[in-house]
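Asks: Take a look at this one; I'll ask things after.
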């Protein structure tokens, strides 16, 4: 009997998680198509094929859906695992190339999510706070990868971190890949070349 209750409980949890994921994926498509601000909870419910009360029960507020979309994106990109791999790389040149690959992985896994975040910056104070926190988390990882190079850097660490963040600006990827027809491989190589040239000089060779 206890096992039966536990099985039913586990099944309900799985169903709830599947429903949350379906709602988040439906919202992601609508946010990308119509904009975050223009997408209502009613529209998300209709797209996901659930009742509006189910959306509110699962998330509470639209910005919480945005947070889950971000988490799913990072999971698909293996962002945390790949960052650990970059930080474990002993060779400074390969570590910088790895940082370029990490960035490429984020964008190819969900550049639409990046654009959704950009478009949502004019929303409520709570939404802006959420977006700042997500951006701060990304920047912390990026800064850590650059700071780990230490004495190999040819420029001050703060300057090196600023260069990496500049190359990572969404507008750069959009201009080169989305608008100008570069492949993600082209983008990764270009970022890596620039990081190596500006941050290492001859020190990494």
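Numbering (the UniProt record's numbering), first residue to last: 1 to 205.
Think of the CB as a built atom: it goes at the ideal place given N, C-alpha and C, for glycine as much as any other residue.
#1: Buried or exposed for residue 181, going by 16 or more other Cβ atoms inside 10 Å?
#2: Can residue 200 and residue 154 be called in contact, C-beta distance under 8 Å?
#3: Would you mind giving the Cβ-Cβ distance between residue 79 and residue 96, rounded to the nearest angstrom? I have them listed as a contact below 8 Å.
#4: Which residues bound the alpha helix (DSSP H) around residue 54?
#5: Would you kindly work out how many angstroms separate the C-alpha atoms of residue 179 and residue 172, rounded to a whole number?
#6: So residue 77 and residue 145 are supposed to be a Cβ contact under 8 Å. How far apart are they, rounded?
#7: Between which two residues does the alpha helix (DSSP H) holding residue 42 run?
#8: Any idea what DSSP makes of residue 182, helix, strand or coil?
#9: Go ahead and label residue 161 buried or exposed: buried means 16 or more other beta carbons lie within 10 angstroms of its beta carbon, across all protein chains shown.
#10: Which same chain residues end up closer than 8 Å to residue 94 when comparing Cβ atoms and leaving out the 5 residues on each side of it in sequence?
#11: Considering just the uninterrupted stretch of the alpha helix (DSSP H) at residue 120, what are its terminal residues?
#12: Under 8 Å between C-beta atoms, does residue 129 make it to chain B?
#13: Would you call the stretch 10-24 in contact with the stretch 51-66, where contact means no fewer than 3 C-beta pairs closer than 8 Å?
#14: Under the three-state reduction of DSSP, which class applies to residue 200: helix, strand or coil?
#15: For residue 188, which residues from the same chain have a beta carbon less than 6 Å from its beta carbon, with the 5 sequence-adjacent residues on both sides left out?
Replies: Reading from the atomic positions:
#1: exposed
#2: yes
#3: About 17 Å separates the beta carbon of residue 79 from that of residue 96, a gap too long to meet the 8 Å contact definition.
#4: That run of the alpha helix (DSSP H) goes 52-59.
#5: 10 Å
#6: Actually they are not in contact, since the Cβ atoms of residue 77 and residue 145 sit about 15 Å apart, beyond 8 Å.
#7: 41-48
#8: In the structure shown, residue 182 falls within a coil segment according to DSSP collapsed to helix, strand and coil.
#9: buried
#10: none
#11: Residue 120 -> no alpha helix (DSSP H), and no H or E assigned at all.
#12: Among the protein chains of the structure shown there is no chain B, as only one such chain exists.
#13: yes
#14: In the structure shown, residue 200 sits in a helix (DSSP, three-state: H, G or I).
#15: 100, 101 and 104
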